[in-house]
């Protein structure tokens, strides 16, 4: 059983071509091109080969174009993990992170103790705002927006003797 084919009018083809040229989003351009080629009567296999889309996507785009026109092919995604906290909430969070340590908020269950780390920030944001991000990168970005920077602690041995270190440095200076 073959699918019913529709031919696009010259006006529709020109509209798709103009939308393709005016769009800066490659995902949208792929949709415009695929629908235009399919609407010109090209075989599905050729359209899939030229645009790199799947048959399911092609039929979905074709259906959206037939019902909604060009607006059905536009990219309406927000993209990734969009900002879930308002600028006011971020400013408030910044104050709270400066005011409290994880140990003060979570007690012995805190990961960072007196320093904020991603798991503690995750718990705090969820507790205060009811927000949960999908990735740790989003929490790192939130730290950045709050004015925190990544710190890599220096390796210091707790068992070292400060007097022995001072004596060693003094011996180096003499030589």
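Numbering (our numbering), first residue to last: 1031 to 1205. Using N, Cα and C, we set each Cβ at its ideal position, and we do this for glycine too.
task: Would you decide whether residue 1064 is buried or exposed? Buried here means 16 or more other CB atoms lie within 10 Å of its CB.
output: buried
task: Would you give the residue range spanned by the alpha helix (DSSP H) that residue 1091 belongs to?
output: 1085 to 1098
- prompt: Alpha carbon to alpha carbon, what distance is there between residue 1179 and residue 1125?
  reply: 15 Å
task: Since I believe residue 1067 is in contact with residue 1080 (beta carbons under 8 Å), could you give me their beta-carbon distance rounded to a whole number of angstroms?
output: 6 Å
query: At what residues does the alpha helix (DSSP H) containing residue 1136 begin and finish?
result: 1132 to 1136
query: When you compare each of 1100, 1159, 1172, 1157 to residue 1053 by their alpha carbons, which one comes out closest?
result: 1100
message: What does the alpha-carbon distance come out to for the pair residue 998 and residue 1133?
response: No answer is possible for residue 998: it lies beyond the span of the chain, which begins at 1031 and ends at 1205.
message: Let's see if you can read the secondary structure: which residues bound the alpha helix (DSSP H) around residue 1063?
response: 1056 to 1069
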